[in-house]
Ligand SMILES: Cc1ncc(COP(=O)(O)O)c(C=O)c1O
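In this note's numbering, the protein residues as written are 69 to 495.
#1: Would you say the segment 398-417 touches the segment 366-381, given that touching needs at least three Cβ pairs under 8 angstroms?
#2: Going by DSSP in three states, residue 389 sits in which element: helix, strand or coil?
#3: Taking residue 304 as part of the alpha helix (DSSP H), name the residues at either end of that continuous run.
#4: Going by DSSP in three states, residue 226 sits in which element: helix, strand or coil?
#5: Taking the beta carbon of residue 359 as the centre, do at least 16 other beta carbons fall within 10 Å, making it buried, or is it exposed?
#6: Tell me residue 299's beta-bridge partners as DSSP assigns them.
#7: Quick check on the contact list: which residues have their beta carbon closer than 5 angstroms to a heavy atom of ligand 1?
#8: What residue range does the beta strand (DSSP E) around residue 112 cover?
#9: With three or more beta-carbon pairs closer than 8 angstroms as the criterion, would you say the segment 343-353 touches the segment 423-431?
#10: What does the alpha-carbon distance come out to for the pair residue 274 and residue 185?
#11: Pick from 451, 454, 490 and 422: whose alpha carbon is nearest that of residue 463?
#12: What is the DSSP secondary structure of residue 86, reduced to helix, strand or coil?
#13: Expressed to the nearest angstrom, what Euclidean distance is found between the alpha-carbon atoms of residue 268 and residue 102?
#14: Since I believe residue 130 is in contact with residue 386 (beta carbons under 8 angstroms), could you give me their beta-carbon distance rounded to a whole number of angstroms?
#15: Within the same chain, show all residues whose beta-carbon is closer than 6 angstroms to that of residue 182, passing over the 5 residues directly before and after it, in chain order.
#16: Does the beta-carbon distance from residue 278 to residue 420 come in below 8 angstroms?
#17: By alpha-carbon positions, which one of 208, 97, 327 and 318 ends up nearest to residue 74?
#18: Can you tell me whether residue 413 is buried or exposed, with buried defined as 16 or more other CB within 10 angstroms of its CB?
#19: Use the C-beta contact count for residue 262: other C-beta atoms within 10 angstroms, 16 or more gives buried, fewer gives exposed.
#20: Counting C-beta neighbours from all protein chains within 10 Å, is the total for residue 495 16 or more, i.e. buried, or is it exposed?
#21: Quick one: Cα of residue 85 to Cα of residue 104, how far?
#22: Mind reading off the beta-carbon distance from residue 176 to residue 342? Whole number of angstroms is fine, and I expect it under 8 angstroms.
#23: Determine, using beta-carbon pairs with one atom in the segment 317-326 and one in the segment 290-299, whether at least three such pairs fall under 8 angstroms.
#24: If you follow the beta strand (DSSP E) that residue 340 is in, where does it begin and where does it stop?
#25: To the nearest angstrom, report how far apart residue 126 and residue 391 are at their CA atoms.
#26: With H, G and I counted as helix, E and B as strand and the rest as coil, what does DSSP make of residue 191?
#27: For residue 416 versus residue 470, is the C-beta spacing smaller than 8 angstroms?
#28: Can you name the residues that DSSP bridges to residue 149?
#29: DSSP state of residue 462, grouped into three classes?
#30: So which of 486, 425 and 313 has the shortest CA-CA distance to residue 169?
#31: Quick check on the DSSP output: the beta strand (DSSP E) that includes residue 177 runs from which residue to which?
#32: Who are the Cβ neighbours of residue 266 in its own chain at under 6 angstroms, not counting the five residues just before and after it?
#33: Can you say whether residue 225 is buried or exposed, counting buried as having 16 or more other CB atoms within 10 angstroms of its CB?
Structural data, given as structure tokens:
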């Protein structure tokens, strides 16, 4: 039986950096290889059992291999898994999502959050006939050219705000504003008044650690979008069905013109979706002239898993439970760091949170960038030693699920105490 270290050495021969998505390489001392997972626990090939707060980087709000989701997936697989033709299950999931996100709207399913933001931006350009988009420094919207400008997540962790390979001519069409700074948006509109198709934003930044919006920031954005006749796109790939069933729109009481979804709506299977009004969505092919297509669009297994997940969220207090787990752990981080007199700042919105090793406050990506990332990395490493898997990067969110138990929380709080002590002693 191979162990993680030897498997990683093999992986380095065939995958760049040994992984297929960069953040996975950040796990210290080397990425563990997974044998299986259930509930809140991951079992590694090394025989270790870890409590998981990464949860596939967000989709697994119910934890791993939830029974209801598993049943739905099994049922679907037995009936075949790809038809290249419509299914009832995609209709059911679409209606369910629309009922919470935009009751009179339409939806297009794609395969990832990246594809969804790419499609949303194309729709916005096609619909408005304008070229520019406004994004916010530190927001991550996936791995395609238009949004790899001042992006968060792995793009910022690796210090490549503008990826090589993105032509300047493309990057130029993405104007960058500062999150939580409405003045920065207004000045972009002064300069490019009639050229902007859309504003795209993570309503809560989940890719710079966690950074919530200041009071009325999102409402103000809505006002600017309306005044200038541009589309406000909420990228709810992380916040969708996590903050509330209606996502950040419901949570903050703000309406967007377009909502991009992913992660949770596929129950842990590949998915992305764009939601908007009928008028806007009708510019898409086959009705309109904005092209989108996909062999795997509305994949029946993703549809079944997503539908089962949302049904559990509807029937149980899963969102509340995940949020209360996050609340306890975020509080423990804050209390422990206070006791040990470590400079720190904790941000939490419901079941997503992060601790920054900086004096704080952390209300902007620039403030997040001031945190001591080496300390965070050491903290992560000490947590892994104690069998707790938190995001390996300061610039990712820590997620809680409804599957975390009291025992998990207690073990996690103990590990936080011990890990922070080690980090402080070394510092
Ligand atoms: C806010 C946000 N948008 C878009 C994406 C891209 O989604 P995907 O990784 O499914 O392409 C992510 C991924 O983490 C994300 O956090």
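Just so you know, even glycine gets a beta-carbon here, dropped at the ideal spot from N, CA and C.
By the coordinates alone:
#1: no
#2: helix
#3: Neither: residue 304 is in no alpha helix (DSSP H) and is coded neither H nor E.
#4: For residue 226, the predicted model reports a pLDDT of 44, less than 50, meaning its position is unreliable; a value from the coordinates is still stated below. Residue 226: coil per DSSP, three-state reduction.
#5: exposed
#6: 266
#7: 180, 181, 182, 209, 210, 270, 303, 305, 306 and 330
#8: 109-112
#9: no
#10: 15 angstroms
#11: 422
#12: helix
#13: 35 angstroms
#14: 6 angstroms
#15: 210, 211 and 212
#16: yes
#17: 97
#18: buried
#19: exposed
#20: exposed
#21: 23 angstroms
#22: 5 angstroms
#23: yes
#24: 340-345
#25: 13 angstroms
#26: helix
#27: no
#28: DSSP lists no partner for residue 149.
#29: coil
#30: 313
#31: 173-178
#32: 192, 201, 298, 299 and 301
#33: Since pLDDT at residue 225 reaches only 45, below the 50 mark, its modelled position is unreliable, and no value is offered.
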